[in-house]
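Undergrad: Heads up: the sequence shown runs through residues 3 to 352, numbered per my numbering. Just so it is clear, CB atoms sit at the ideal spot from N, CA and C, and this is done for glycine as well.
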Amino acid sequence: MPQVKAYAAQSPDSGVAPFPIERRAPRPDDVLIEIEYCGVCHSDLHTAYNDWGITTYPIVPGHEIVGTVKAVGDAVTGFKPGDRVGVGCLVDSCRECGSCEHGLEQYCEQGWVGTYNGVDRHDGTPTYGGYSEQIVVSDRFVLRMPESLDLAAAAPLLCAGITTWSPLKHFGVGKGHRVGVVGMGGLGHMGVKFARALGAEVTVFTRSAAKVEEAKKQGAHHVIVSTDAAQMEAAAASFDFILDTVPVPHDLNPYVNVLKRDGTLIIVGLLGPVEPALHTFPVVLGRRRIAGSLIGGLPETQEMLDFCGEHGITCDIEMLDIKNINAAYERMQRSDVRYRFVIDMATLKD
Ligand code: ZN
Ligand code: ZN
3 MPQVKAYAAQ
13 SPDSGVAPFP
23 IERRAPRPDD
33 VLIEIEYCGV
43 CHSDLHTAYN
53 DWGITTYPIV
63 PGHEIVGTVK
73 AVGDAVTGFK
83 PGDRVGVGCL
93 VDSCRECGSC
103 EHGLEQYCEQ
113 GWVGTYNGVD
123 RHDGTPTYGG
133 YSEQIVVSDR
143 FVLRMPESLD
153 LAAAAPLLCA
163 GITTWSPLKH
173 FGVGKGHRVG
183 VVGMGGLGHM
193 GVKFARALGA
203 EVTVFTRSAA
213 KVEEAKKQGA
223 HHVIVSTDAA
233 QMEAAAASFD
243 FILDTVPVPH
253 DLNPYVNVLK
263 RDGTLIIVGL
273 LGPVEPALHT
283 FPVVLGRRRI
293 AGSLIGGLPE
303 TQEMLDFCGE
313 HGITCDIEML
323 DIKNINAAYE
333 RMQRSDVRYR
343 FVIDMATLKD
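1. For A10, which three-state DSSP category applies?
2. What does a CB cutoff of less than 6 Å around D323 pick up in its chain, not counting 5 residues either side in sequence?
3. For V33, list the residues DSSP reports as bridge partners.
4. Measure the C-alpha to C-alpha separation of A217 and M3 and round it to an integer number of angstroms.
5. Please list, in chain order, all residues of the same chain as F21 whose beta carbon is under 8 Å from its beta carbon, the five residues on each side excluded.
6. So for T303, helix, strand or coil by DSSP?
7. Starting from P60 and walking both ways along the beta strand (DSSP E), at which residues does that stretch end?
8. Just checking my contact of L280 with L254 at CB under 8 Å: how many whole Å lie between their CB atoms?
9. Less than 9 Å between the C-beta atoms of R97 and R146, yes or no?
10. With respect to the alpha helix (DSSP H) encompassing K219, which residues constitute its N-terminal and C-terminal limits?
11. What is the DSSP secondary structure of E107, counted as helix, strand or coil?
12. If we call anything under 9 Å between Cβ atoms a contact, is V2 one with V89?
13. Measuring alpha carbon to alpha carbon, tell me which residue in T165, W167, V181 is nearest K262.
14. Which first and last residues belong to the alpha helix (DSSP H) in which E382 is found?
15. How should A374 be labelled, buried or exposed, when 16 other C-beta atoms within 10 angstroms of its C-beta is the threshold for buried?
16. Quick check on the DSSP output: the alpha helix (DSSP H) that includes P169 runs from which residue to which?
17. Does the distance between the C-beta of T303 and the nearest non-hydrogen atom of ligand 1 fall short of 8 Å?
18. Quick one: complete beta strand (DSSP E) runs, 3+ long, within the segment 210-272?
19. One question on the structure: do F283 and V260 come within less than 9 Å of each other, judged by their Cβ atoms?
20. Give a yes or no on contact between the segment 25-36 and the segment 66-78, applying the rule of three or more CB pairs nearer than 8 Å.
21. Identify which residue in Y109, V93, D94 has its Cα closest to the Cα of G100.
22. Per DSSP, what kind of secondary structure is T205 in: helix, strand or coil?
23. Shortest alpha-carbon distance to I345 belongs to which of M186, H104, L153?
24. What residue range is occupied by the uninterrupted alpha helix (DSSP H) comprising P4?
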């Protein structure tokens, strides 16, 4: 099997460092991709540091992968060498359950295979992510990247983008809706761009008055400083949807209160148990809904990419030399990046 250059973490405190890996020879349905850029997601550092207690080392992170097809297996008809392609969070699933049949592989009832920290369903080998020269992925899990988009800036669409796009589409966000976005990080700024492009009136909720101008620059029509009780009171019962992208436990009650009757609070930040507890009276009295959503399936990811191609939507990024990845993780923990680091994989070669 061919060896390729990669970066891996060996233990929770090792940091991420050069580590050659093997990529399988393409199977009949496989696409061999030369990786050009890879976005850096918060899941990468949580997995490298074993923050969730589920990491199998060595771990090669990276699931916002874009590049060029180098070779394809005999059975592949949808891709050919030279095509611009992407790979997101998933590289396989059972392909047979109800969720998979509906193209919702992220809810596969047998468990999907992650792009990293997963196990290949055929040979039991660990899956290694995008911090590497090449990746081999079954064609069902490969996306077409629109020619009109800057490839590096499009990489984070494959996780940050689809995570916010999927619930906005699923719940039918569009013209005439008032949408609030909580949190202005990698996910939040994409949520603002998508909600606006879908025709909604968009409000960003931020804890910091210093972020008001930045939120408007990203396309928000309005900004509410969530620590200002008067502003929150004035917003009561006025939103159709709130997209909550904050990845740490926080008080959800203020966001339930700003929902209209039948409004929906959508959680995409995987925040865990919340303190203070959620009051259910406002949920019942207003027939409001609390919903969750996880990344997206392959058909809806392609739909999002095509929409981005038509509307010129990409992520705001900072290019990164892979040799500085550990410093980048430290900056991400301080929210010191607007809004996504993207590794230039050419820096892996020197
Ligand atoms: Zn991610
Ligand atoms: Zn399935």
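TA: By the coordinates alone:
1. strand
2. T349
3. V74, V139
4. 48 Å
5. A8, Y9, A10, Q12, P60, V62
6. helix
7. No beta strand (DSSP E) contains P60, which DSSP labels as neither H nor E.
8. 5 Å
9. no
10. 214-219
11. helix
12. The structure shown does not extend to residue 2, since the chain spans only 3 to 352, so no value can be given for it.
13. V181
14. Look at the range of the chain in this structure, 3 to 352, and you will see that residue 382 is not part of it.
15. An answer regarding residue 374 cannot be provided, because it is not within the stretch 3 to 352 covered by the chain.
16. 162-172
17. no
18. 224-227, 241-246, 261-269
19. no
20. yes
21. Y109
22. strand
23. L153
24. P4 -> no alpha helix (DSSP H), and no H or E assigned at all.
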